[in-house]
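Presented below is the structure to which this report refers.
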Amino acid sequence: MKRSLLLFFCLVWMISSSPFSVLQAQEEINLNFINTELELFITYVAKKTNKRILYDSTIKGRKIFLVSATSVSEQDLYKIFLSVMEYNGYILETTGANNSEIIKVKRNIQGPWTQTRTLYTEKELESIKEEDQFITMVIKLDYISSREVQTTLRALRIVNPQGGNLAGIEGSNTILITDFAPNVKRIYDVIKLMDQQGPEQQFKVIKLKYASADDVVEKLTEFVSKDRPAAATGMGPDLEQIKISPDRRLNAVIVQAYQEKMKRMISLIEELDQELLSEPSNIHYIRLKHADATKLQETLSKLLEGGGLTKRALGSTGKVASTTGSTSGAKEVVTSIQAEPQTNSLIVKAENYEWKEIEGIIKQVDIRRPQVLIESALIEISPEDVFGLGLELFWAESPNDDGVTFGGGSDFGFSNLVTVNQDGSAKTINDKTTSIDKTVERIGKIPVPKRSDIDRGITAFMNYKDVFTMPMLLKAIKKDGDFKILSIPSILTNDHERAEIKVADAAPASSSTENNSGSRTDSFSGFQEAGTTLSITPHISGEKNYLRLDIEQTIDEFDRSQSTISGVPPKKVRKIATSITVPDGQTVVIGGFTYDSESETVEKIPLFGDLPIVGILFQTRIVNHQKRNIYLFVTPHILRESNFNDLFKHSYDYKVKAQSMGANVGMIDKAFARHQNKYAPTKGGLSPVYMVDYKTPENEKK
Numbered sequence: 006m007k008r009s010l011l012l013f014f015c016l017v018w019m020i021s022s023s024p025f026s027v028l029q030a031q032e033e034i035n036l037n038f039i040n041t042e043l044e045l046f047i048t049y050v051a052k053k054t055n056k057r058i059l060y061d062s063t064i065k066g067r068k069i070f071l072v073s074a075t076s077v078s079e080q081d082l083y084k085i086f087l088s089v090m091e092y093n094g095y096i097l098e099t100t101g102a103n104n105s106e107i108i109k110v111k112r113n114i115q116g117p118w119t120q121t122r123t124l125y126t127e128k129e130l131e132s133i134k135e136e137d138q139f140i141t142m143v144i145k146l147d148y149i150s151s152r153e154v155q156t157t158l159r160a161l162r163i164v165n166p167q168g169g170n171l172a173g174i175e176g177s178n179t180i181l182i183t184d185f186a187p188n189v190k191r192i193y194d195v196i197k198l199m200d201q202q203g204p205e206q207q208f209k210v211i212k213l214k215y216a217s218a219d220d221v222v223e224k225l226t227e228f229v230s231k232d233r234p235a236a237a238t239g240m241g242p243d244l245e246q247i248k249i250s251p252d253r254r255l256n257a258v259i260v261q262a263y264q265e266k267m268k269r270m271i272s273l274i275e276e277l278d279q280e281l282l283s284e285p286s287n288i289h290y291i292r293l294k295h296a297d298a299t300k301l302q303e304t305l306s307k308l309l310e311g312g313g314l315t316k317r318a319l320g321s322t323g324k325v326a327s328t329t330g331s332t333s334g335a336k337e338v339v340t341s342i343q344a345e346p347q348t349n350s351l352i353v354k355a356e357n358y359e360w361k362e363i364e365g366i367i368k369q370v371d372i373r374r375p376q377v378l379i380e381s382a383l384i385e386i387s388p389e390d391v392f393g394l395g396l397e398l399f400w401a402e403s404p405n406d407d408g409v410t411f412g413g414g415s416d417f418g419f420s421n422l423v424t425v426n427q428d429g430s431a432k433t434i435n436d437k438t439t440s441i442d443k444t445v446e447r448i449g450k451i452p453v454p455k456r457s458d459i460d461r462g463i464t465a466f467m468n469y470k471d472v473f474t475m476p477m478l479l480k481a482i483k484k485d486g487d488f489k490i491l492s493i494p495s496i497l498t499n500d501h502e503r504a505e506i507k508v509a510d511a512a513p514a515s516s517s518t519e520n521n522s523g524s525r526t527d528s529f530s531g532f533q534e535a536g537t538t539l540s541i542t543p544h545i546s547g548e549k550n551y552l553r554l555d556i557e558q559t560i561d562e563f564d565r566s567q568s569t570i571s572g573v574p575p576k577k578v579r580k581i582a583t584s585i586t587v588p589d590g591q592t593v594v595i596g597g598f599t600y601d602s603e604s605e606t607v608e609k610i611p612l613f614g615d616l617p618i619v620g621i622l623f624q625t626r627i628v629n630h631q632k633r634n635i636y637l638f639v640t641p642h643i644l645r646e647s648n649f650n651d652l653f654k655h656s657y658d659y660k661v662k663a664q665s666m667g668a669n670v671g672m673i674d675k676a677f678a679r680h681q682n683k684y685a686p687t688k689g690g691l692s693p694v695y696m697v698d699y700k701t702p703e704n705e706k707k
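Reading the sequence shown from the start, the letters are residues 6 to 707 in the numbering used here.
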């Protein structure tokens, strides 16, 4: 109670004396507060401004120092009061209206953003009192983005750092500002100066008469991408943006651009939309130069089925030019590819943008591949050792008194003994006109051979008058084998194409059937082949001087030493399958077969042939030792020259070789005949190019 009375008397004394002297006529106040209680200062302002000010006990004990050299009005006193409270860490919140208005004094602990309760819009701008405390205003932007405003104002540092704040809402393109009322008005003025209408973007739907919308968009996109100037200083990226989109349903181009760019786009579209000699179509025809139409059609069809070709709208190139695809309801063409083998062509049905992609693939695939000439040699090294020794005897005596004639002999297949007439003509031993005496008398004649090899080796006979009445044939043979070239095949093929050479013998085969009576019937059942087959697939490597060869070599051979019921001898099969890498033009051995066998055949007369020592006179012995080595040599040649000079040169070499062996090559190749007749062609003539590369008397003179 005593404290309250003391404060009252002090306040009365301060009002009635210095430092305040109120001049009622001029309504001005001189301020001079030195070490004054803040609570007394609040009471004084409330009385002078007729405002209700609510504060709590935390105000007590705080002092202020305020000195003014000039007097102020009552209206300015409240503004000074706001500054003093802000300086001391307090904020004022106004609640109520008119006669019920109360100003609350609060400690600024969390900042004015959470403490403020006054919210204004642009329409309420004029009602904002400059003496108000912290307020929040919502500003709607018309032309520039809220992000750009935030970036600019923060760079200018125009917002009060002591509790002021700035936020943008991109969805509604608005700005929220919290600050002291005078500063909010200044920020609002700055924003309105920035939010001015710039160049206006335009939208145009330009219908085409002749050109395809996809083709025009593709060309415009390429043009805009290359022609885009560097962004000018202070010019945002959106200012230069041009958007282009095709509308397939209307066959039109949709363009979004600023006015200057729009005029340029319209002019370009008009120049591109020109009438062609033929109407554009979704069916395209392309004739292949090198690739096989059927194989390429299968490859492209698989690519389409697997989604390898992307159905996309052409012309999207990032920010410079982009498309949004066709409008709804546009009819899509189902892509299909058909091959025409007769002309080696492809017929493609597709949208223009997809056809461009297919055409690009065909151009990359339809190229002339290098050719590969493969020379090979199949060589057999066979050191065969055969020795044969045989003796053939015949004996016959004259008939006895009973008319019985005795005789005998050994037959190992060397000959057939026959009787002969006086003139030397042969008669069979069963000839009724031939007597045994004449047979014995004429037995010394050389028997007629029944085997073709009887004259090879040594063949001897012995018969001397009546001393030796037993004619004898003796044969001894020694045979050695050495080196033999089985075949030298050559073949020309494209890169990655399989080539095959086959040289074979065909033997007729028969089948036998037995009927109910027990007899057999033989019938022809076709041919069985045996021979040499060489299959090679070349692959030129990326290094270009090497090849990978996939080789398969098969050698089939009939075993003539054995027989079968069908008449076809058993077959021996030898096969090599491998993949190797060889240098261009080099000869390599890729493998071989080795066969080693030894056999001994003895034909003899029972009992007599088994006798010691003399048993050799009653037998034939053949010893055969055979060892065979078969090697395959391969020499590949890559033929790359686009004018086929390398191919013509190899062909010419073979023609010369064939000519030297007696072949009349000139009958087939007239140019070769003219060359052989020393009429050398000149450059630009109709003769093949390879003729000029060879030295002839005529070419040497030139």
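All C-beta atoms in this analysis are idealised placements derived from N, C-alpha and C, irrespective of residue type, glycine included.
Return the CA-CA distance between E265 and G173, expressed in angstroms with no decimal places.
-> 32 Å
Please determine, among I621, M270, I58 and E364, the residue with the shortest C-alpha to C-alpha distance to I291.
-> E364
Pick out whichever of I556, I196 and L161 has its Cα sitting closest to the Cα of L146.
-> I196
What residues are listed by DSSP as bridge partners for L171?
-> I182
Where the beta strand (DSSP E) containing L97 begins and where it ends = Y95 to T100
Give me whichever residues DSSP pairs with K53 in a beta bridge.
-> According to DSSP, K53 bridges with nothing at all.
In the structure shown, what three-state DSSP assignment does I39 receive?
-> strand
What's the gap between the Cα of A102 and the Cα of I140?
-> 16 Å
DSSP puts I108 in a beta bridge; with which residues?
-> I58 and T99
Within 8 Å, strictly: CB atoms of I556 and I541 = yes
Count the CB pairs spanning the region 219 to 227 and the region 194 to 209 that are closer than 8 Å, and state whether there are at least three.
-> no
Opening and closing residue of the beta strand (DSSP E) in which L158 lies = Careful: L158 lies outside any beta strand (DSSP E), inside the alpha helix (DSSP H) at S151 to L161.
Sufficient close CB pairs (3 or more, under 8 Å) joining the region 574 to 588 to the region 603 to 619 | no
Going by alpha carbons, who is nearest to S350 out of I367, I247, D564 and D561?
-> I367
Roughly how many angstroms lie between the CA atoms of P575 and S495, to the nearest whole one?
-> 29 Å
Leaving out the 5 sequence neighbours to the left and right, which residues in its chain are closer than 7 Å to K214 when beta-carbon positions are compared?
-> D278
Could you check how far apart the C-beta atoms of E345 and A296 are, in whole angstroms? I think they sit under 8 Å.
-> Not confirmed; about 13 Å, so no contact.
V472 - DSSP class collapsed to helix/strand/coil = Residue placement at V472 is flagged as unreliable, the pLDDT there being 47, under the threshold of 50; a coordinate-derived value is accordingly withheld.
Kindly give me the distance between the Cβ atoms of V77 and E33, rounded to whole angstroms, as I take these residues to be in contact under 8 Å.
-> 7 Å
Could you tell me how far apart the beta carbons of V210 and I259 are, in whole angstroms, since I believe they sit closer than 8 Å?
-> 5 Å
Return the CA-CA distance between L181 and Q155, expressed in angstroms with no decimal places.
-> 10 Å
Which term fits P251, buried or exposed, when burial requires 16 or more other beta carbons within 10 angstroms of its beta carbon?
-> buried
In three-state terms, what does DSSP make of S23?
-> The predicted model places S23 with a pLDDT of 39, which falls under 50 and marks its position as unreliable; any figure quoted below should be read in that light. Reduced to three states, the DSSP call for S23 is coil.
Excluding the 5 residues preceding and the 5 following D674 in the sequence, name in chain order all residues of the same chain whose CB lies nearer than 8 Å to its CB.
-> K660
Distance between beta carbons of N178 and S150, contact taken as under 8 Å | 6 Å
Identify the continuous beta strand (DSSP E) that holds R374 and give its terminal residues.
-> No beta strand (DSSP E) holds R374; DSSP gives it neither H nor E.
Per the contact definition of three or more C-beta pairs closer than 8 Å, is the region 370 to 382 in contact with the region 631 to 641?
-> yes
Apart from the five residues just before and just after T538, which ones in its own chain have a Cβ nearer than 6 Å to its Cβ?
-> K507 and T559
Do you know how far the Cα of E359 is from the Cα of Q302?
-> 16 Å
Would you mind stating whether V110 and M142 have Cβ atoms separated by less than 8 Å?
-> no
From L255 to D219, what does the alpha carbon distance come to, in whole angstroms?
-> 12 Å
Quick one, which of D194, K53 and A186 has its alpha-carbon nearest L158's?
-> D194
Hey, V594 and Y551 are a contact pair by Cβ (cut 8 Å); roughly how many whole angstroms apart?
-> No, V594 and Y551 are not in contact; Cβ-Cβ is about 17 Å, not under 8 Å.
Once you ignore the five residues that flank F623 on each side, which residues in its own chain have a CB closer than 7 Å to its CB?
-> S415, K609, I610, F613 and G614
Limits of the beta strand (DSSP E) - the one that K576 falls within = K576 to P588
Outcome for F46 when other beta-carbon atoms lying within 10 angstroms are tallied against a minimum of 16 = buried
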